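Report on the structure given below.
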Amino acid sequence: MGTSHADHQIPDQPFLDPTVSPEPSRAYLEQLERDTERRKNKLAHHLADHAGAADELHERLESLVNDQATDLRRVLHELHEHPETAFQEHFAVQQILAHLEAHDIAAENPAFGLATAIRAEVASEDFDPQRHRTIAVMSEYDALPGIGHGCGHNVIAVTGLGAFVALVGLIRENPTAFSGRVVYLGTPAEEGEGGKEIMARAGALEGVDAAAMVHSYVTDLVDQVWLGRRQCTVRYRGRAAHASSHPFMGRNALDAAVLAYQGLGLLRQQTPPTDRVHAVLPEGGERPNIITETATLQLYVRSQHPETLKALSERVTDVLRGAALMAGVGVEIDWDSTPATLPVLGNSPLSDRWVLAQRRRGRDPYPAGTVSEVLAASTDFGNVSYRIPGIHPLISITDQDTGLHTRDFAAAAATPLAESAGVDGAYGLAAVALDYLADDALAHHVTEDFQATGGGLAVENYFG
Ligand SMILES: [Zn+2]
Ligand SMILES: [Zn+2]
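Numbered by the numbering used here, the letters in the sequence shown go through residues 2 to 465 in order.
Right under this line is the structure:
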């Protein structure tokens, strides 16, 4: 007596049910959350002792930010309701330009060859580029396809904007508030497209000595690990043949793609824990009865340091080529058709100023290292941070524990907590910029820290 296949029951394996979304174990995630909680109570700041700008200037700067609060909230919500993806941020740019114009500030747009990039600047009357410093504050404003502002860039947009407008107001009413220059950069296409790298190559950072921006998050955190990332497209080319009558006359490109995918899986066993390789196979053949002639693999490769990203890329290249050799097909490996992004290089003297500014707003960002480096993504600000000293702290927009790039985070980006983050973030960036321009000893320390931690790479040609 035999039973047909259709009669077989698999009661112990409900995950085989195609209608049920599989539920991964939360054990490791919960462990990481416990680790974070423990580190919150254990880690402490060791803030460098710099004077920064005078307290009266900070008070005035704070009011100049607070005065914009209603407008900044409006811009934050407008952007949230009109999410635009990379390079399409025309509505966002109009909102930002309108706010600048309302404060009688001229801006450049398009800028650096990008329709949705913005540049504006303000300098003290005595500004002399030989003697004085320039710092950039940045806004992002692109959204994610399908889930809108799931990365909270609508909040980021108003932090840079509000900071710049406050600094313009300060120097206009008090021409001796600082000697130096502040550049505002509206930086499109952060998500996957490397907008800041495109802008940097077109000269956006020329004459700029330091940069600051802040990113939306679930916790106030002064710094977090951001991995460097490269993109790679691989095309295997074999020879089509009838898969039944003449398979021996074919060369299977899909085999090469599959071998590469598996090889990458094995490679992960020997890579550092913060290395990442993820791939998809957008093209793998047309029909089972044709030996696949062309197959395409798309990869992201990430690592915690520029040097380790370079080393990982070399191993990955070997796997991709080895797969071609095994399948007897040709291979074309195209790295960095979208600019690579480096990890973010922190700058502790600038970070310290951020912490002090946030404390003024009733926030107390946790020290770097509070959240595990395992929970790491990538940002194009990394390329800025290896060119000039910069900071990329995180500001909490929610009390819910939700990840970036989720619908929950997108919902959080339009709440009263997001609104306060927008205003507090604006003051934070303005305060960092003011301190940096006002305090020569601090600025010297910023440069020292940058050089000591490996800053100043030739970013554009780093991977050859
Ligand atoms: Zn994002
Ligand atoms: Zn983001």
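The C-beta atom is built at its ideal place from N, Cα and C for all residues, glycine as well.
A quick note: this is a predicted structure, and the numbers were derived from the prediction, not measured.
(message) Buried or exposed for residue 224, going by 16 or more other Cβ atoms inside 10 Å?
(response) buried
(message) Count Cβ pairs between the segment 81-88 and the segment 178-187 that sit closer than 8 Å; are there 3 or more?
(response) no
(request) In angstroms with no decimal places, state the Cα-to-Cα distance between residue 26 and residue 35. (result) 16 Å
(request) Check the DSSP bridge columns for residue 402 and list the partner residues they point to. (result) Paired residue(s): none; residue 402 is not in a bridge.
(message) Run through the DSSP bridge pairs and tell me what residue 281 is partnered with.
(response) 299
(message) To the nearest angstrom, how far is the alpha carbon of residue 32 from that of residue 111?
(response) 47 Å
(request) Just tell me which of 329, 54 and 87 has its CA closest to the CA of residue 442. (result) 54
(request) Report yes if the C-beta distance between residue 396 and residue 426 is below 9 Å; otherwise report no. (result) Yes, the Cβ-Cβ distance between residue 396 and residue 426 is below 9 Å.
(message) So, with DSSP's three-state summary, where would you put residue 91?
(response) helix
(message) Just to confirm, is the Cβ distance from residue 189 to residue 121 under 9 Å?
(response) no
(message) Given 8 Å as the limit, tell me if residue 153 has its C-beta closer than that to any heavy atom belonging to ligand 2.
(response) Correct: residue 153 has its Cβ closer than 8 Å to ligand 2.
(request) Kindly give me the distance between the Cβ atoms of residue 65 and residue 170, rounded to whole angstroms, as I take these residues to be in contact under 8 Å. (result) 4 Å
(message) Please classify residue 359 as buried or exposed, where buried requires at least 16 other C-beta atoms within 10 Å of its C-beta.
(response) Residue 359 comes out buried.
(request) Confirm the yes/no value for this check: CB of residue 395, any heavy atom of ligand 4, distance under 8 Å. (result) What this structure holds is ligand 1 and ligand 2, not ligand 4.
(message) Can you tell me where the beta strand (DSSP E) holding residue 327 begins and where it ends?
(response) Looking at the DSSP string, residue 327 is not in any beta strand (DSSP E); the run it does join, the alpha helix (DSSP H), is 307-328.
(request) Could you pull out every residue in the same chain whose Cβ sits closer than 7 Å to the Cβ of residue 204, ignoring the five residues on either side in sequence? (result) 113
(request) Output the distance between the C-alpha atoms of residue 258 and residue 418, rounded to the nearest integer angstrom. (result) The straight-line gap separating the alpha-carbon atoms of residue 258 and residue 418 is approximately 46 Å.
(message) Rounded to the nearest angstrom, what separates residue 448 and residue 361 at their Cα positions?
(response) 25 Å
(message) If I follow the unbroken beta strand (DSSP E) through residue 186, where does it start and stop?
(response) 181-188
(request) Say yes only if the C-beta of residue 78 is nearer than 8 Å to one or more non-hydrogen atoms of ligand 2, and no if none qualify. (result) no
(request) Measure the C-alpha to C-alpha separation of residue 228 and residue 423 and round it to an integer number of angstroms. (result) 25 Å
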